[in-house]
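Protein chains in written order, with my numbering: chain A, 794 to 1122; chain B, 111 to 468; chain C, 158 to 452; chain D, 16 to 534. Using N, Cα and C, we set each Cβ at its ideal position, and we do this for glycine too.
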Amino acid sequence: MITAAGLPARSITSSPYFTSLITVFLLVILLAVGGAAYPGFLSLQVMFNLLIDNAFLLVIAIGMSFVILSGGIDLSVGSVLALTTMICAYMLQTWHWNPLVVIAIALAIGTLFGAAMGALIHYFKLQPFIVTLAGMFLARGLCYLISINSITIEDPFFVALSQTQLPIGDCFISPGAVIALVTLAAAIYVAHCTPFGRAIYAVGGNEQSALMMGLRVARTKVLIYAFSGFCAALAGILFSFYMLSGYGLHAQGTELDAIAAVVIGGTLLSGGYGYVAGALTGVLVLGSIQTLIAFDGTLSSWWTKIVIGGLLFIFCVVQRLMSLRTNKK
Amino acid sequence: MHSPVARAAAPTKASMPMFVQHPLFRPLAALAILLLIDLFMVPGFFHLEIKDGHLYGALIDIANRAAPLILAAIGMTLVIATRGIDISVGATVAISGTVAAMLIGGTMVMNNGTPEYVANTPMWLSLAAAMGVALLCGAWNGALVAGLGLQPIVATLILMVAGRGLAQLLTDGQIITVYYQPFFFLGSGYLFGLPFSLYMVAAVFIVTALLLRKTALGLFIQSVGINPVAARLAGLKTAVLIFFVYVFCAACAGVAGLMITSNIKSADANNAGLLLELDAILAVTLGGTSLAGGKFSLAGSVIGALIIQTLTYTIYSLGLPPEVNMVVKSVVVFLVCVSQSPEFKTMWRRAFPARAKG
Amino acid sequence: AKPLVIGFSQVGAESEWRTANTVSIKDAAKKEGITLKFADAQQKQENQVKAIRSFIAQRVDVIAFSPVVESGWDTVLREAKRANIPVILTDRAVNVSDPSLYVSFLGSDFVEEGRRAGRWLIERQKKTPDAVLNIVELQGTVGSAPALDRKKGFEEVIAGNAKLKVIRSQTGDFTRAKGKEVMEAFLKAEGKKINVLYAHNDDMAIGAIQAIEEAGLKPGKDIIVISIDGVKGAFEAMIAGKLNVTVECNPLLGPQLMQIAKDVAAGKPVPKRVVTQEGVFPAETAAKEFPNRKY
Amino acid sequence: MTLSSAPQNPVLELRGISKAFTGVQALNGVSLNLYPGEVHTLMGQNGAGKSTLIKVLTGVYAPDHGQIVLAGQAIQPQSTLDAQNHGISTVYQEVNLCPNLSVAENIFIGRYPRKFGRIDWADMTKQATELLERMQIRIDVTLPLASYPLAIQQMVAISRSLLVSAKVLILDEPTSSLDEKEVDLLFSVLRGLREQGMAILFVTHFLDQTYAISDRITVMRNGEREGEYLAADLSRVDLVNKMVGAVVATEAAGTATRADAAAAAGQAKADGSRFQSFLRAVGLSRKGALQPMDLEIRQGELLGLAGLLGSGRTEAARLLFGADKADSGTITIEGKERSLSTPRDAIAAGIGFCSEDRKHEGAILELSVRENLILALQARMGIMRAIPLKRQQQLAEEYVKALGIKTASIETPIGSLSGGNQQKVLLARWLVTDPKLLILDEPTRGIDVRAKQEIMDYVSALCKKGMSILFISSELPEVLRVSDRIVVMRDRKTGGEYPRGALDETTVLHVIAAGDQHA
Ligand SMILES: Nc1ncnc2c1ncn2[C@@H]1O[C@H](COP(=O)(O)OP(=O)(O)OP(=O)(O)O)[C@@H](O)[C@H]1O
Ligand SMILES: Nc1ncnc2c1ncn2[C@@H]1O[C@H](COP(=O)(O)OP(=O)(O)OP(=O)(O)O)[C@@H](O)[C@H]1O
Ligand SMILES: [Mg+2]
Ligand SMILES: [Mg+2]
């Protein structure tokens, strides 16, 4: 009988479970520091604002988690978000279509856009980085083709959703934040409890093996990018609620924020290790850093950048050192 | 026993001309096609004349303007070969340019209504300082990636975010204008009729290529990129190597920063080298190097950079409205990438079997 | 009494102009003894919304901001209104359904700047009434408000004049490097045909001037150069005779902003629209004006 | 055809399969019949085309010519999944599992137990545990696969393939990382399946195993089928001759007829006292992997390290090589105490190390044979002193010839070589550095009989020239045959040290299994 139970793991690259916990721990510290330094920082509404203001980023980060878990990357999400706001705004303002139809169409376009990139990546064996980088240019370019102006959305449904506040005690939360949380729950379920979700992990762990084990790698990969495109489009719709406008310059650089959030949340960029829920912690960390800076209110533009960089640095290093430490034990 | 090798040759391969097989064929073809479009669509595109004793024309512009991108792409190639990526190149460009401009800098003072220019620090010292700072940036990245084992994209993201802030901190958000003539030679001077920047690029390229050829650097970088565990067990100093490539990449970016600053005679901390990292990565891939690390082509990256710059220039020359710039760029990137993929080659062969066999 | 607290959300630090704007506001606040909560949005509207939300959470007395874009402000401004915090806009206007969402807008008018540039050119053209002037335009960042408006205003003015023709228009992203690069391409493609360069900001003009010089032409003479903003660099170029005119876009809004903020806080009525004092500086006035420039 | 009679219709027929890669005709008109209720062993030298044949059969590669007929119907499997759906289940030569997923998932992925449409994790864990227990493996199936040694991963791969209700089961060298006990286990499972009427295609280089389990043997040589035989009709010597295509001395035929050819060679140095100590490790340990152990390796000695799977041999080797950091212990080399905390230190001290996991720790797959071969030497010479290309080629050619490495050219990427040939290149990588001590961890894994003997002869010859060898192998007979001295490891510590001849197979097993120190 061979028993290997109880043996410590020898070479797991880095335990994602620990990294994720460490992130939560660091987030709590960050919030505690903020609370101590700035009165009102720890109020419930400020915490809700974190969710309200970052709902779209959370949704994008969820899609990005899937992509990164599968060992890929998607740089097009920010642009697809912008494109979605543009499509929504254009259809609503120029054609006056039913908002629900518009939403459905926008989601479909985002999904198709992602699927197309996934297909290119898989069938032509192209680098995800490059394909989605080109996708990023393309989606932004399409925005400008629709209009280089920003278009204000006046559709009553969008306006209503934008201004609805769901009260919780004295405070409130936006429908967008709720949608984002529901998406997160659904994504966690998919990742953990469905064969598709597990196939993502398998592809991220070793694509060749996944293929040899008889998984439908092609379908999985196309679906992953389609899902990321869907998330980006959904984020775009949340963003439309949030901003009530369509604009080609919306959400520039969001892809990097999303990647940073996912990685800070404990997911390995090389794929296969991590949790979708990490996206939430990652997004909250980034959001808290920004809120902290806004509460401070004395930093000039460049100091803002430097402080964000510095906090990112501290975060990554502490996370890394702690997971090294725990791994060694 | 007969060897299986003897019966080897695959029929399709043998019939194709040798140069089509070459990995640089497709990037070169893409470049050629772009130039061909220019030839027919842009009158006088290939026209070169002598002006003020140096060559003047669209081609010169492209080469000159591509110079910083080529430099960045050369550095990026090595980073990518080790399975890394450096998205802080643009920030490094901003920092080195800013430092140089500030040190050389000088101000215009009005002296009885006539402008006079004053320089601050000796040029060589300023350049050395700027390069030193760039190397520090690289060392920072290298330490995070090789020392701490952070994932490259995140490690360099830190400098990408903070670096531009540092550069702006130095300049107080102002654009620093340089008034010192000799400094302009780097980015807009001419030597034997050709832009001086081309000589700098050539020098960096040749030195790098020699380094890769004449030492074991190329082999080591590839080994680390393909299988870092095996490379370590074979006795490579993997960490040192990875550290080195980030420093090297930053050094390339530093030179690019000097060039850009010198070219526009000022350091614009906020905009210098903005998104240069993305173009550099694009150039590397267009040149046929895989982002998965391992095998790389330095010459390919140079060609990739030229493709990008030619494309940009073509868009300007054709007079396309600025709204379509990005769409055109993305479509070209898609086309070049797809045409380079082996799958496309197979499909092509299947679609045109006669050609392949003939 | 407790000092007045203003939350100010700035666009970013993308240009010298913007930096001067920030400095002016910070200095003015200090001088007036007003506590300034400053947040930089790094050119992202969503960051501005976040900053404004956090100002509301901190219960500042007045919120002021320079919007990145015109549209999309309804929701957050409504929240501010509900919290009884007055909002002042600076530099750029917003497009909201309910004008009571802000109390005042202080800033320049980009369209007007474009018009001024156009008017100057029309005056200039009168010197050579028969010649057709071919114009090339360096636009700002695609889709950005100043780029759109400066283009619009300029076109509006020259539209009636058959002698003025825009033959090329391309974006130079508001930067020197791009301005130079695009101008080089223009020069190769159109050569001596170009008579006028209209740049949406001084930086692009300065870059383009270098390209013109490298092409062996004389900026300011062979090619008339018009730009907008009026930063120091532009004045230097004018003194050197390389730039013909710059239309001022005044960033020094600080003192005016603080005044309005104090009035609002004190419950005094304030005008809905305050236009900043701006001039047009042709090259002839440059040497005299140069020592006065603060940015 | 030597076959007298087929028991019934074949369930699977391969007819005239050919497959060419750039530069190599891997298969040339190969035919094969698989009958239900039989174990059919595929034998052949490294690079004979066994793995390729299996990959064609399971849809990984499309054949250039030929037909696959399953139960009378021609099929063209497009993918592994497709093959599985046809009832063909496969365990590939290189473990093809996902290291990041748990053991249970690796077994069940693609066919999870479901409850209300979602994956039933509890049930899956239970089933996986049971399944592995049936194979006598008791591990925590919820841990990631990567946390278990290769052998357990191999068993997991096998259990995975057993899960499918397949008509045909294909196993490509499943036993190469298993020890004898596990092989026995596996065989008893296979016999059970055979009884149920499954057709089993089995690839191995072990003659013992071939004869222990096979009903039928197909021999391949150079991408062609040499012949198909009933196991009972084919003697070991014949088998080897057919594989090699020439008459080979009988001792190569493996364990049963193992004459002491090497023993004669070793006779001269049989006396242990004649050796000077080269390396001495005292109290070497690493938490969770190795208990404090002492080890001495003498100059010119071939020290065998025997033990069960997971007894800590690899771990000990890695510590000696500095691949892992030791928690405690000292290492003295040639009388000087040395700290070996990185492989570079070890290499500088004259140590070389051939890892057991060639895919992840050895081969640099996209690089050429030449580049792989000179890598360690170049690393030792340093980055600035590049070995001239001429010299590299010369070295590569020399070793390709000396070790009989089968490759299209020295510029072929090592990844397209067959498993055994890759192993030889990696051995050559260390041989060119001319180490004083060479640690070989399972160097003969996946190598055919002839190559095995060649390699061991080569190694013995080196020993005689003064090189010390630390030889780790799960093949006891091999260890016994070549070693000057044997250290037996058990439970991650040394279980005793024995001079040559003091042990035979049964006594060693005793030491290993029962912990009997006085063999
Ligand atoms: N993907 C490939 N590309 C090129 N050549 C290949 C490829 N796969 C296998 N070959 C070649 O085909 C031949 C047969 O290889 P195969 O792996 O089938 O051998 P094998 O009989 O399984 O050997 P071993 O016992 O060493 O595993 C070898 O010469 C090998 O180099
Ligand atoms: N990745 C791992 N995670 C947990 N335990 C491990 C791991 N690798 C090895 N071990 C345990 O560490 C001990 C030493 O393993 P090692 O691989 O050195 O043994 P070995 O005798 O070389 O076995 P093998 O025959 O597999 O090479 C064993 O008990 C093994 O079960
Ligand atoms: Mg094989
Ligand atoms: Mg072992």
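Assuming residue i and residue j make a contact with CB atoms under 8 Å, what is their CB distance in whole Å?
i                : j               : result
E1000 of chain A : G864 of chain A : 7 Å
L354 of chain C  : L295 of chain C : 7 Å
L49 of chain D   : P25 of chain D  : 6 Å
I195 of chain B  : P262 of chain B : 5 Å
H915 of chain A  : A992 of chain A : H915 of chain A to A992 of chain A, Cβ: 13 Å. No contact.
L290 of chain C  : L321 of chain C : 5 Å
Can you tell me whether residue i is buried or exposed, with buried defined as 16 or more other CB within 10 angstroms of its CB?
i               : result
E358 of chain D : The question names Glu, but residue 358 of chain D is Pro in the sequence shown. P358 of chain D should be labelled buried.
D519 of chain D : exposed
Q284 of chain B : buried
H220 of chain D : buried
E280 of chain C : exposed
R216 of chain C : exposed
K405 of chain D : exposed
G328 of chain B : buried
W458 of chain B : exposed
I484 of chain D : buried
P160 of chain C : exposed
A240 of chain B : buried
W234 of chain B : exposed
P292 of chain B : exposed
T37 of chain D  : exposed
H101 of chain D : buried
E352 of chain D : exposed
Within 5 Å of ligand 1: residues by beta-carbon to any heavy atom: Result: D:F36, D:V39, D:A41, D:N61, D:G62, D:A63, D:G64, D:K65, D:S66, D:T67, D:S431, D:L432, D:S433, D:G434 and D:G435.
Under 9 Å (Cβ pairs) to chain B, residues found in the region 166-184 of chain C: G169, A170, E171, S172, E173, R175, T176, A177, T179 and V180
Near-chain D residues of the region 326-337 of chain B - C-beta to any C-beta below 7 Å: A326, L327, L329, F330, Q332, S333, I336 and N337
Contiguous beta strand (DSSP E) assignments of at least 3 residues, all confined to the region 314-389 of chain C: 321-328, 353-356 and 381-386
Length-filtered (4 minimum) alpha helix (DSSP H) runs lying within the region 255-338 of chain B: Segments of the alpha helix (DSSP H) lying fully in the region 255-338 of chain B: 262-281, 291-298, 306-324 and 327-336.
Members of the region 191-216 of chain C near chain A, C-beta cut-off 8 Å: Per Cβ criterion, the list reads L193, K194, F195, A196, D197, Q199, Q200, K201, Q202, E203, N204, V206, K207, A208, R210, S211, F212, A214, Q215 and R216.
Contained beta strand (DSSP E) runs [length at least 3] in the region 1050-1111 of chain A, N- to C-terminal order: DSSP runs (the beta strand (DSSP E)) wholly in the region 1050-1111 of chain A: none.
Residues of the region 1061-1094 of chain A whose Cβ lies closer than 9 Å to any Cβ of chain C, in chain order: G1080, Q1083, T1084, I1086, A1087, F1088, D1089, G1090, T1091, L1092, S1093 and S1094
Sequence ranges, alpha helix (DSSP H) only - wholly within the region 363-412 of chain D, length at least 4: Here the runs fully enclosed are 384-396.
4-residue-minimum alpha helix (DSSP H) runs that sit fully inside the region 328-388 of chain B, ordered along the chain: 338-343 and 348-374
Contacting positions in the region 917-928 of chain A - beta carbon closer than 9 Å to chain B: F917, K918, L919, Q920, P921, F922, I923, V924, L926, A927 and G928
Runs of alpha helix (DSSP H) wholly within the region 258-291 of chain C (minimum 4 residues, chain order): 267-282
Within 7 Å of chain B by C-beta, residues of the region 382-402 of chain D in sequence order: Cβ contacts with chain B come from L382, E386, L390, A391, Q393, A394, R395, I398, M399 and A401.
Contact residues within the region 999-1013 of chain A, judged by C-beta distance below 8 Å to chain D: N999, Q1001, S1002, A1003, L1004, M1005, M1006, G1007, L1008 and R1009
Contact list for the region 250-275 of chain B against chain A, Cβ threshold 9 Å: Within the region 250-275 of chain B, the qualifying residues are L254, L258, G259, L260, Q261, P262, I263, V264, A265, L267, I268, L269, M270, V271, A272, G273, R274 and G275.
Selection of the region 364-381 of chain D by Cβ proximity to chain B, strictly under 7 Å: F368, S370, H375, E376, G377, A378, I379, L380 and E381
Short-range partners of chain A found in the region 227-239 of chain C, where Cβ spacing is below 7 Å: E227, S228, G229, D231, T232 and R235
Secondary structure, beta strand (DSSP E): runs of 3+ residues fully inside the region 420-475 of chain D: 452-456
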